[in-house]
Amino acid sequence: MEDVPETSGALARVRGATLLEHTVRRLIDSGHVDRVVVAGPHATRSACATALRGFDDERVSLVPGGQDHQESVRCAVHSTAAASGDVVLVHEPTRPFTPPETIGAVVAAVRDGATAAVPVEPMTDTVKVVDTTGVVRRTSDRDRLRRTQSPRGFTAEFLRRADITKALAFVDLAVRTVPGHPHGMRVSTAFERTVAESLFVEWVGEGQA
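The opening residue of the sequence shown carries number 143 in the working numbering; numbering runs sequentially from there.
Shown next, in the form of structure tokens:
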């Protein structure tokens with residue numbers, strides 16, 4: 143989780159609850175997660191604790207995070223007693239409405255032998271490559287481009303021995319992709335929160351929130 147002020151990032155609010163609360167609830171209710179560990183950075187740990195206060199659930203815990211995202215992930219992994227073959231999901235709290243089927247697909251891919259797995263969606267925009275002066279040099283073939291979402295899945299053993307920074311960036315890894323979902327969108331700007339507010343009403347009506 144990023145070190146952010148309470149009014150933005152994981153501690154911003156949609157429909158009266160923080161994105162962190164929505165994320166934890168979605169993970170717990172997915173049916174694919176046994177435990178959720180939130181690594182709260184020092185600057186926002188108190189606010190994270192307050193946000194998690196409503197979860198009277200032994201499956202949810204808050205541990206001290208690090209100075210950056212990678213270090214926080216390392217703290218969370220090392221705080222667990224996960225067996226070497228257990229699946230560990232690294233999830234962004236700014237993607238609070240990822241559907242259960244997406245979470246389950248990532249877990250299934252790792253259990254099926256993938257070193258790492260991530261949900262993706264096709265690119266629909268035309269992507270241009272520009273030089274340092276802003277001049278267009280070529281057009282990328284969008285048929286082979288994908289937008290990555292989260293959670294990213296690994297085995298606990300792999301994360302404990304890996305370079306976390308490289309692992310989270312999928313450097314030198316054969317990463318299995320699974321279908322993402324539009325509801326797995328990142329919610330980090332005021333505009334995206336407005337979109338999420340609107341969509342959240344629909345999800346409640348459909349029994350999905």
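Even glycine gets a Cβ: it sits at the ideal position worked out from N, Cα and C.
{"Query": "Taking 7 angstroms as the threshold (C-beta atoms), are Ala181 and Cys217 in contact?", "Result": "yes"}
{"Query": "What residue range does the alpha helix (DSSP H) around Thr165 cover?", "Result": "161-171"}
{"Query": "CA-CA distance, Phe342 and Leu161?", "Result": "12 angstroms"}
{"Query": "Going by DSSP in three states, Arg328 sits in which element: helix, strand or coil?", "Result": "coil"}
{"Query": "Hey, would you say Arg318 sits closer than 7 angstroms to Ala250, going by beta carbons?", "Result": "no"}
{"Query": "Using the C-alpha atoms, what's the distance from Val271 back to Gly349?", "Result": "Only weak support exists for where Gly349 lies, its pLDDT of 49 falling under 50; the value from the coordinates is given anyway. For Gly349 and Val271, the distance between alpha carbons rounds to 42 angstroms."}
{"Query": "Entirely within the stretch 237-299 and at least 4 residues each: give me those alpha helix (DSSP H) ranges in chain order.", "Result": "242-253"}
{"Query": "Name the residue from Gln212, Ala193, Asp210, Glu213 whose alpha carbon lies nearest to the alpha carbon of Leu204.", "Result": "Ala193"}
{"Query": "Kindly examine the ligand FAD and report whether one of its heavy atoms sits closer than 6 angstroms to the Cβ of Val329.", "Result": "Inclusion of the ligand FAD in the displayed structure is not the case, the ligand content being empty and no account of it being possible."}
{"Query": "Going by the beta-carbon positions, is the gap between Gly208 and Glu263 smaller than 7 angstroms?", "Result": "no"}
{"Query": "For the structure I just gave you, are there three or more beta carbon pairs, one from the stretch 299-315 and one from the stretch 235-247, closer than 8 angstroms?", "Result": "no"}
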